[in-house]
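Scroll down for the structure; my scribbles are underneath it.
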Amino acid sequence: MKTNYLFPYRLKKISGVIFLISFIVLTLLYFLDGFEKFPIKAKVFAIVADYAMLGETKRFGWIEDSVTDEILVILTIVFGIIFAFSKEKYEDEMVASVRLHSLVWATIINYILIVLSYMFIYGMPFLTVMSAIMFSQLLIFIILFRYNIYKLNKAGTDEE
């Protein structure tokens, strides 16, 4: 089966390590309010920047801001996608089937989380939950796929 859309297998380990580290650091900084404690200041172009404390909104201009969270989110998403969609060492139709099955279930679970969030979460916490849900499909897919591949490999060794 031809799988042109998958990244090469050699990227799997390094992307997995970078994904895991960036996800853990992002989560820790979020829960420990660390973005203010460890700011990486940079001049960035903003389409819209809202300064709630000053009651000011700036559009299409350069601003100075902490980019710690942006860097971590980009690292987490990019390397998560590379890790999730890299070929396995032995890529065959069964692995492709497990990949598709895991992706379908991750999508269903992700949209259930979104619907539940719309039904039961209001105000600013909703924005926080939506930010977390941004990672949920990728994370759920990786967990389901790795677990199903583990089960597949375990069943293969049990037969021998």
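Just so it is clear: in the sequence shown, position 22 is 54 by the working numbering, and no numbers are missing.
Ideal placement from N, C-alpha and C gives every residue a C-beta, glycine not left out.
On a predicted model such as this, the values are computed, not experimentally measured, just so you know.
- Quick one: what does DSSP say Gly-155 is sitting in, helix, strand or coil? The sequence position of residue 155 within the sequence shown is 123, counting from 1. Reduced to three states, the DSSP call for Gly-155 is coil.
- Around the C-beta of Thr-196, are 16 or more other C-beta atoms found within 10 angstroms, so that it is buried, or is it exposed? A query on residue 196 cannot be resolved here, the shown segment of the chain reaching from 33 to 192 and no further.
- Inside the stretch 131-191 only - alpha helix (DSSP H) runs reaching at least 4 residues: Fully enclosed alpha helix (DSSP H) runs of 4 or longer: 156-191.
- Does the Cβ of Ile-106 have 16 or more other Cβ atoms within 10 Å, making it buried, or fewer, making it exposed? As a working mapping, residue 106 is identified with position 74 in the sequence shown. Burial call: exposed.
- If we count the other Cβ atoms within 10 Å of its Cβ and call it buried at 16 or more, is Gly-112 buried or exposed? The sequence position of residue 112 within the sequence shown is 80, counting from 1. Of the other Cβ atoms in all chains shown, 16 or more fall within 10 Å of the Cβ of Gly-112; this residue is therefore buried.
- Query: Between which two residues does the beta strand (DSSP E) harbouring Asp-82 extend?
  - Reply: Position 50 of the sequence shown holds residue 82. Counting along the chain, the beta strand (DSSP E) containing Asp-82 begins and ends at 73-83.
- Local conformation of Glu-68 per DSSP, three classes: Working through the sequence shown from its first residue, we reach residue 68 at position 36. The answer is coil: DSSP assigns Glu-68 none of H, G, I, E or B.
- Item | Cα-Cα separation between Val-130 and Tyr-143, rounded to whole angstroms | For the purposes of this step, residue 130 is taken as the residue at position 98 of the sequence shown. For the purposes of this step, residue 143 is taken as the residue at position 111 of the sequence shown. Whole-angstrom Cα-Cα distance: 20 Å.
- Boundaries of the alpha helix (DSSP H) in which Asp-101 is found, first to last residue: Mapped onto the sequence shown, residue 101 falls at position 69. Counting along the chain, the alpha helix (DSSP H) containing Asp-101 begins and ends at 100-116.
- Task: Report the residue from Leu-64, Ile-95, Leu-171 and Lys-73 whose alpha carbon sits nearest the alpha carbon of Ile-79.
- Result: The residue given as residue 79 occupies position 47 in the sequence shown. Checked all of Leu-64, Ile-95, Leu-171 and Lys-73; the closest Cα to Ile-79 is Ile-95.
- Measuring CB to CB, does Ile-153 end up less than 9 Å from Val-147? Locating residue 153 in the sequence shown gives position 121, counting from the first residue. Locating residue 147 in the sequence shown gives position 115, counting from the first residue. With a cutoff of 9 Å on beta-carbon distance, Ile-153 and Val-147 are scored as not near each other.
- Where does Ala-116 land, buried or exposed, given buried means 16+ other C-beta within 10 angstroms? Locating residue 116 in the sequence shown gives position 84, counting from the first residue. That one is buried.
- Would you call the CB atoms of Lys-73 and Ser-118 closer than 9 Å? Numbered from its first residue, the sequence shown carries residue 73 at position 41. Numbered from its first residue, the sequence shown carries residue 118 at position 86. For Lys-73 and Ser-118, no; Cβs fall outside 9 Å.
- Quick one: is Ser-47 buried, meaning 16 or more other Cβ sit within 10 Å of its Cβ, or exposed? As a working note, residue 47 is residue 15 in the sequence shown. The C-beta of Ser-47 has 16 or more other C-beta atoms within 10 Å across all chains shown, which makes the residue buried.
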